[in-house]
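See structure below.
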Amino acid sequence: MHPSVLRARIRNGTHTTHTSGVSQDYVQANLVVLPKEYAFDFLLFTMRNPKSCPIIEVLEDGRFESNYAKGSDIRTDIPLYHVYENGRLTDKKQRIDDCWKKDFVSFLIGCSFTFESQLIKGGIPLRHIEENKNVAMYKTSIPTEKAGVFEGPTVVSMRPVPDSLVQKAADITSLFPEMHGSPLHIGDPREIGIGDVTKPDFGDFVGIKEGETPMFWACGVTPQAAALQAGIPYMITHSPGHMFVTDWKNEEYLKSN
3 MHPSVLRARI RNGTHTTHTS GVSQDYVQAN LVVLPKEYAF DFLLFTMRNP
53 KSCPIIEVLE DGRFESNYAK GSDIRTDIPL YHVYENGRLT DKKQRIDDCW
103 KKDFVSFLIG CSFTFESQLI KGGIPLRHIE ENKNVAMYKT SIPTEKAGVF
153 EGPTVVSMRP VPDSLVQKAA DITSLFPEMH GSPLHIGDPR EIGIGDVTKP
203 DFGDFVGIKE GETPMFWACG VTPQAAALQA GIPYMITHSP GHMFVTDWKN
253 EEYLKSN
């Protein structure tokens with residue numbers, strides 16, 4: 003499905019679920035929307051934590067069309083949004099144009115869903131896609147570097163990979179530095195503060211079979227954890243796993259790097 007068709011389906015309410023495995027050859031992005039007064043602190047936070055928060059695009063206050071998706075509207079083209087007030091998740095919405103303000107600054111952040119198509123092409127199975135589930139995501143004991151009011155734990159996504167393909171998966175994802183790049187951790191989840199890997203903080207657990215190794219990549223849900231800890235008055239993000247899909251092809255991205 004071409005991303006423009008997918009975005010139209012999202013906008014009219016036809017597609018309401020996660021975007022993992024959808025429009026696989028195109029770059030997907032996380033979204034963070036903030037009042038302008040917090041935008042500099044957040045930009046500094048992303049610069050200090052580039053593994054978790056690799057910036058693809060910043061839309062100036064009031065703008066809602068991405069340069070990477072002609073005719074798009076970030077207020078309506080994501081299947082599900084989270085609204086945070088004073089550090090609490092207060093609402094989940096299918097569109098945010100009804101609460102949009104002219105001083106909102108929007109950040110599009112690289113997403114690991116982007117490199118999933120390359121993993122599949124490399125012969126690496128991804129069970130969450132095979133089972134049509136959201137990827138499993140966890141808060142870790144790895145702290146982010148503070149910037150202004152923003153700080154909190156690093157969030158990671160996990161994919162079980164056959165032992166013989168672990169190095170290949172690491173090599174493929176390292177080609178996507180703006181989509182979180184190489185794994186942040188490989189192996190025992192307890193080493194990064196995940197006490198029970200069967201109970202993700204976000205998304206769905208799909209099991210780790212004998213002969214498989216859990217691989218963990220930094221995740222763009224990290225800003226949501228920072229928002230909860232900072233308790234800022236207002237923030238809108240994508241719901242974990244529900245991304246903004248651009249018209250930027252993975253092949254074009256790879257050629258530009």
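Numbers given in this note's numbering equal positions in the sequence shown, counted from 1, plus 2.
Just so it is clear, CB atoms sit at the ideal spot from N, CA and C, and this is done for glycine as well.
Just to confirm, are M139 and V223 a CB contact at a threshold of 8 Å?
Residue 139 sits at position 137 when you count from the first residue of the sequence shown. Residue 223 sits at position 221 when you count from the first residue of the sequence shown. It is a contact, given that the beta carbons lie within the stated cut-off.
What does the alpha-carbon distance come out to for the pair A41 and V107?
As a working mapping, residue 41 is identified with position 39 in the sequence shown. As a working mapping, residue 107 is identified with position 105 in the sequence shown. Their Cα atoms are separated by approximately 7 Å.
Please classify S258 as buried or exposed, where buried requires at least 16 neighbouring CB atoms within 10 angstroms.
Residue 258 sits at position 256 when you count from the first residue of the sequence shown. It counts as exposed.
Would you mind giving the Cβ-Cβ distance between A232 and F152, rounded to the nearest angstrom? I have them listed as a contact below 8 Å.
Within the sequence shown, numbered from 1, the residue matching residue 232 stands at position 230. Within the sequence shown, numbered from 1, the residue matching residue 152 stands at position 150. Indeed, because the Cβ distance is near 5 Å, the residues count as touching under 8 Å.
Between which two residues does the alpha helix (DSSP H) holding A227 run?
In the sequence shown, residue 227 corresponds to position 225, counting from 1. Start and end: 224-232.
Once DSSP output is grouped into helix, strand and coil, what is the label at V24?
Numbered from 1 along the sequence shown, position 22 holds the residue referred to as residue 24. Three-state DSSP puts V24 in coil, outside helix and strand.
Can you tell me where the beta strand (DSSP E) with L59 in it begins and where it stops?
If you number the sequence shown from 1, residue 59 lands on position 57. A quick correction: the sequence has Glu, not Leu, at residue 59. Run containing E59: 57-61, per the beta strand (DSSP E) assignment.
Going by DSSP, what residue range makes up the beta strand (DSSP E) through K257?
The residue labelled residue 257 in the question sits at position 255 within the sequence shown. From DSSP, K257 is part of no beta strand (DSSP E) but of the alpha helix (DSSP H) over 252-257.
How long is the line joining the alpha carbons of A172 and G213, rounded to whole angstroms?
As a first step, residue 172 is located in the sequence shown; it is residue number 170 there, counting from the start. As a first step, residue 213 is located in the sequence shown; it is residue number 211 there, counting from the start. Rounded to the nearest angstrom, the two C-alpha atoms are 17 Å apart.
Give the DSSP-derived three-state secondary structure of S108 in the structure shown.
By one-based count along the sequence shown, residue 108 stands at place 106. Of the three classes helix, strand and coil, the one that applies to S108 here is strand, per DSSP.
Can you grab the Cα-Cα spacing for the pair C1 / P225, in whole Å?
Lying outside 3 to 259, the shown extent of the chain, residue 1 is not represented and no answer is given.
When you compare each of T92, I210, K104, T175 to L61 by their alpha carbons, which one comes out closest?
Taking the first residue of the sequence shown as 1, we reach residue 61 at position 59. Nearest of T92, I210, K104, T175 to L61, Cα basis: K104.
Find the nearest neighbour of F218 within the set I196, P37, N14, judged by alpha-carbon distance.
Taking the sequence shown and counting its residues from 1, the one referred to as residue 218 is at position 216. Taking only the C-alpha atoms, the option nearest F218 is I196.
Report the partner residues of E87 according to the DSSP bridge assignment.
Taking the first residue of the sequence shown as 1, we reach residue 87 at position 85. Bridge partners of E87: R90.
For K148, name the three-state secondary structure that DSSP assigns.
As a position in the sequence shown, residue 148 is number 146, starting the count at 1. Residue state, collapsed to three classes: coil.
Does the beta-carbon of D79 have 16 or more other beta-carbons within 10 angstroms, so that it is buried, or is it exposed?
Counted from its first residue, the sequence shown places residue 79 at position 77. It is buried - the Cβ of D79 has at least 16 other Cβ atoms within 10 Å.
Look up M181 in the DSSP assignment and say whether it is helix, strand or coil.
On the sequence shown, position 179 is the one that residue 181 refers to. M181 falls in the helix class under three-state DSSP.
Between F117 and M181, which are expected to be in contact by the criterion C-beta below 8 Å, what is the C-beta distance as a whole number of angstroms?
Counted from its first residue, the sequence shown places residue 117 at position 115. Counted from its first residue, the sequence shown places residue 181 at position 179. The pair is a contact, with the Cβ atoms about 5 Å apart (cut-off 8 Å).
Does DSSP put Q96 in a helix, a strand or coil?
Counted from its first residue, the sequence shown places residue 96 at position 94. Looking at Q96 - three-state DSSP - the assignment turns out to be coil, as it is neither helix nor strand.
Just to confirm the assignment, what range does the alpha helix (DSSP H) spanning T48 have?
Counted from its first residue, the sequence shown places residue 48 at position 46. Per DSSP, T48 belongs to the alpha helix (DSSP H) from 41-50.
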